[in-house]
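Chains as they are written, first to last, in this note's numbering: chain A, 1 to 210; chain B, 1001 to 1210.
The C-beta atom is built at its ideal place from N, Cα and C for all residues, glycine as well.
Remember, predicted model here, so these are calculated numbers, not experimental data.
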């Protein structure tokens, strides 16, 4: 059975959601952060970086949300419900681009912004300017790409929606989605899904459900 | 023919290197940064984020280094020289994990560190502490994982070595590799490869060759 190491509160809830959408049996091991918001020794024993999500499946121990999504879909979504078949090379390339995007380009300015907001007395102009500029740029880009589609890649839920929902949740928590009603509606659609609600219940984080 | 939009100086040199290792024909379009180190309007016309690398292959326009690596290998490395076959599910999962890692977990503290170093008069304790702690954590982790292997994943060059070399180059430029002779030697091995040298020549960046 799949074991998911889940650090609350953070991005791994979106991996719980993926497991729920896939209808898989899994065990959830829950960790809590220290006062500084970091993982503690218990999670660092699982993986030296103390990051989450981490999954174990047989003798495979895997980190990085996007890689976990890829693995779970390759291995357990054999009917290609949540991903285009690999034979559809270009669709799959765009799918993979968005899988990387949520953890790559979109995330660095988010963590900067979070650190800046946690320490309002120290906001160096260069970092603040970079983070604010990037946040606007990224949200505008996502908003344009989403357009009026119900899901990021079209008319059905796919792998990149999981990571993107985390980015949207973070942005929403900081009030950054107000200029983007389409992104707010997207996040609401994702968090209102029955599988997302089940994930929140399972993780004991029902306050995050839509 | 593949068209690579290459912003100098930055990470896309490592995509040029990948194209050289694959022995592919490609066209290189070179862009330069403005005084603030950002992409200019010419690159934003190609892609709204103004990021690089961006590749075009037929009617596919693709961003995100890790996704570009995945696509190029899926499509052009059909003998699996630079990646384990997809049928080797666990090896491929670990390969994908490291492909994500370079752009995800490893990159966010790097860009913070770069911004902090560009502005030595303003170094807020929280961000500096986070960035320094993460840099040490990440480099120690990579060093332990690499061990005495010649390449990140074993005895041959594979997809994740391209993104990891960029992380190592950035770390080396800031003097952060000094405690890690194995990482220094790894970077030297990568940048001494004939294909890397060809990439530097093609991009007009011979100063980056080992």
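- Listed along chain A, the residues sitting closer than 7 Å to residue 1115 (chain B) by beta-carbon distance are 126, 127 and 130.
- By the neighbour-count criterion, in which 16 or more other beta carbons inside 10 Å mark a residue as buried, residue 1069 (chain B) falls on the buried side.
- Listed in chain order, the beta strand (DSSP E) runs fully inside the segment 1144–1178 of chain B amount to none, counting runs of at least 3 residues.
- Per DSSP, residue 1051 (chain B) lies in no beta strand (DSSP E) segment and is marked neither H nor E.
- The segment 59–119 of chain A is shown to contain whole alpha helix (DSSP H) runs of 4 or more residues at 65–76, 89–103 and 107–118, in chain order.
- When DSSP reads this structure, residue 197 (chain A) sits in no beta bridge, so it has no partner.
- Of the other Cβ atoms in all chains shown, fewer than 16 fall within 10 Å of the Cβ of residue 1117 (chain B); this residue is therefore exposed.
- The beta-carbon of residue 6 (chain A) is placed no less than 7 Å from the nearest beta-carbon of chain B.
- Between the segment 35–51 of chain A and the segment 4–14 of chain A there are three or more inter-stretch CB-CB distances shorter than 8 Å, so the stretches are counted as touching.
- Sequence-distant Cβ neighbours of residue 200 (chain A) in its own chain, meaning closer than 6 Å and more than five residues away, are 206, 208 and 209.
- Counting along the chain, no beta strand (DSSP E) covers residue 1180 (chain B), and no H or E run does either.
- Taking the Cα positions, residue 1153 (chain B) is about 18 Å away from residue 1169 (chain B).
- DSSP places residue 1003 (chain B) outside any alpha helix (DSSP H); the residue lies instead in the beta strand (DSSP E), whose first and last residues are 1002–1008.
- Counting along the chain, residue 28 (chain A) sits inside the beta strand (DSSP E) bounded by residues 26–32.
- Taking the C-beta atoms as reference points, residue 115 (chain A) is found nearer than 7 Å to residue 1127 (chain B).
- Nearest Cα to residue 1179 (chain B) within the set B:1140, B:1017 and B:1145: B:1140.
- Annotation: the continuous alpha helix (DSSP H) that includes residue 1041 (chain B) extends over 1041–1046.
- Contacts with chain A at 7 Å (Cβ-Cβ) do not include residue 1055 (chain B).
- Residue contact check for residue 1141 (chain B) against chain A: a CB pair falls below 7 Å.
- Taking C-beta separations shorter than 8 Å and ignoring five residues to either side along the sequence, the partners of residue 1038 (chain B) in its chain run 1050, following chain order.
- Excluding the 5 residues flanking it on each side, residue 1076 (chain B) has same chain C-beta neighbours closer than 7 Å at 1022 and 1024, in chain order.
- Close to residue 51 (chain A), with beta-carbon spacing below 8 Å, are these residues of chain B in chain order: 1105.
- The alpha-carbon of residue 1016 (chain B) is positioned some 25 Å away from that of residue 1138 (chain B).
- Nothing from the segment 158–192 of chain A brings a Cβ to less than 7 Å from some Cβ of chain B.
- Straight across, the Cα-Cα distance linking residue 109 (chain A) with residue 1167 (chain B) is about 18 Å.
- Taking CB atoms only, residue 1090 (chain B) has a neighbour in chain A less than 7 Å away.
- Under the DSSP definition of a beta bridge, residue 1035 (chain B) lacks any partner.
- Inclusion of residue 133 (chain A) and residue 100 (chain A) in the CB contact set at 7 Å is not warranted, their separation being larger than that value.
- Residue 21 (chain A): member of the alpha helix (DSSP H) spanning 13–22, first to last residue.
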